[in-house]
Amino acid sequence: MALGQNHTTVMTFILLGLTDQADQKQLLFVIFLLIYSMTLVGNLGMIDLIHASSTLHTPMYFFLSVLSFLDICNSSVLTPRLLISFLTTDKSVSFAGCVAQMALTVLHGAGECVFLAVMAYDRFVAICLPLLYHTIMSKRLCVQLVVVTYDVRVFISTVQTGNAFILPYCGPNVIDHYFCDIPRVLQLACSDTTVANVILLFFSTLVTVPTVSVILVSYAYILVTIYRMRSLEAQRKAFSTCASHLTALSLFYVPVFLVYVPPNPESASAYNKILSVFYTIVIPMLNPLVYSLRNKDVKAAVQVRVLSLSRKGIC
Numbered sequence: 001m002a003l004g005q006n007h008t009t010v011m012t013f014i015l016l017g018l019t020d021q022a023d024q025k026q027l028l029f030v031i032f033l034l035i036y037s038m039t040l041v042g043n044l045g046m047i048d049l050i051h052a053s054s055t056l057h058t059p060m061y062f063f064l065s066v067l068s069f070l071d072i073c074n075s076s077v078l079t080p081r082l083l084i085s086f087l088t089t090d091k092s093v094s095f096a097g098c099v100a101q102m103a104l105t106v107l108h109g110a111g112e113c114v115f116l117a118v119m120a121y122d123r124f125v126a127i128c129l130p131l132l133y134h135t136i137m138s139k140r141l142c143v144q145l146v147v148v149t150y151d152v153r154v155f156i157s158t159v160q161t162g163n164a165f166i167l168p169y170c171g172p173n174v175i176d177h178y179f180c181d182i183p184r185v186l187q188l189a190c191s192d193t194t195v196a197n198v199i200l201l202f203f204s205t206l207v208t209v210p211t212v213s214v215i216l217v218s219y220a221y222i223l224v225t226i227y228r229m230r231s232l233e234a235q236r237k238a239f240s241t242c243a244s245h246l247t248a249l250s251l252f253y254v255p256v257f258l259v260y261v262p263p264n265p266e267s268a269s270a271y272n273k274i275l276s277v278f279y280t281i282v283i284p285m286l287n288p289l290v291y292s293l294r295n296k297d298v299k300a301a302v303q304v305r306v307l308s309l310s311r312k313g314i315c
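full-length UniProt numbering numbers the first residue of the sequence shown as 1 and each following residue consecutively.
Below, the structure is given as structure tokens:
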């Protein structure tokens with residue numbers, strides 16, 4: 001379809017992926033297949049465990065089950081396509097496929113940002129207002145927070161994806177990445193991208209600044225409250241309650257921010273790919289481990305669930 005006299009619309013994009021080395025592709029295929037399998041097993045197992053164990057029917061674990069669902073979706077958008085790229089020489093992705101991939105990536109990425117802030121607020125209420133916890137964090141409020149999170153991420157995804165693909169693409173179509181990342185796609189546009197980059201920055205800030213602010217303010221109050229506790233056992237329990245969430249926050253936000261601060265232009269591409277792999281593919285695998293390894297309630301629920309399944313198997 002003609003855009004102008006000498007321009008034609010790009011119908012496909014070429015994703016260069018992680019490597020061109022055949023021997024590396026075989027090894028990476030095995031590694032990422034293992035990571036994806038562990039992601040599915042870990043997060044589906046967490047959802048099943050929370051659903052089946054009455055002791056885990058609390059706002060904290062309800063939010064954790066939603067986070068596990070987001071991690072499954074986020075990993076499933078990118079990992080299968082990446083696995084296919086290791087087995088075939090075809091690196092092309094259709095224009096519509098690129099649009100869909102970008103929209104879903106932004107959707108789940110924005111959802112993760114907002115939802116981590118929601119979980120920080122939940123920890124704030126649990127530690128700073130323990131007597132009012134079940135009153136404030138009612139089932140209705142929990143559902144409303146999930147719905148609001150969904151609405152926000154749909155809005156952000158629609159705006160960001162529309163902002164990228166409203167521009168004409170008529171020349172180069174090679175993306176030096178393993179997925180359709182917004183900054184990389186904007187570099188291929190045939191028109192001035194100044195306004196598009198400003199919109200990208202504005203809406204990225206609109207997601208990150210409020211969510212990070214909620215997280216920082218919540219944990220500032222939490223730290224003050226813990227400091228004022230007279231019992232060392234109470235302090236230890238409070239820190240233990242927050243440790244898993246703080247670990248998940250660090251794992252997610254540190255690589256996300258580092259993506260935009262490459263060490264130097266020559267290694268920026270490889271550097272960003274590694275960090276992107278970490279927060280889009282590896283972290284969804286790690287989250288179930290982070291929330292279960294140091295959590296006595298989850299460990300106890302796992303033992304009960306395994307025993308229950310064993311008895312059913314025997315019967």
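Glycine residues also receive a C-beta, built at the ideal position from the N, C-alpha and C atoms. Treat the numbers as computed from the prediction; the structure is a model and nothing was measured.
Here DSSP, grouped into helix, strand and coil, assigns Val10 to coil. In the three-state reduction of the DSSP assignment, Leu258 falls in the helix class, which pools H, G and I.
Counting only runs that start and end inside the stretch 16 to 83, the alpha helix (DSSP H) elements of at least 4 residues fall at 22 to 52. Burial is judged here by how many other beta carbons sit within 10 angstroms of a residue's own beta carbon; Tyr279 has at least 16 and is buried. Between Leu145 and Val106, the C-beta spacing is not below 8 Å.
Residue range Ser92 to Ser94 is occupied by the beta strand (DSSP E) that includes Val93. For Val174, the beta-bridge partners assigned by DSSP are Ile14.
Non-local C-beta neighbours of Cys113 in its own chain, meaning closer than 7 Å and more than five positions away in sequence, comprise Val207, Thr208 and Thr211, ordered along the chain. In the structure shown, the three-state DSSP call for Arg140 is helix.
When DSSP assignments are scanned along the stretch 150 to 230, the uninterrupted stretches of alpha helix (DSSP H) that are 4 or more residues long and fall wholly within it turn out to be 182 to 186 and 194 to 228.
By the Cβ rule, the stretch 270 to 287 does not count as touching the stretch 89 to 102, because fewer than three pairs are nearer than 8 Å. Here the alpha carbons of Ile199 and Ile226 stand approximately 40 Å from one another. Met229 and Thr161 do not touch by the CB rule: their CB atoms are close to 46 Å apart, not below 8 Å. Proximity to Phe115 across Ala248, Val282, Tyr178 and Val290 peaks at Ala248, based on C-alpha coordinates. Each residue's CA atom was taken as its position, placing Ser213 and Thr205 some 11 Å apart. Here the stretch 40 to 51 makes contact with the stretch 59 to 77; the two share three or more CB pairs at distances below 8 Å.
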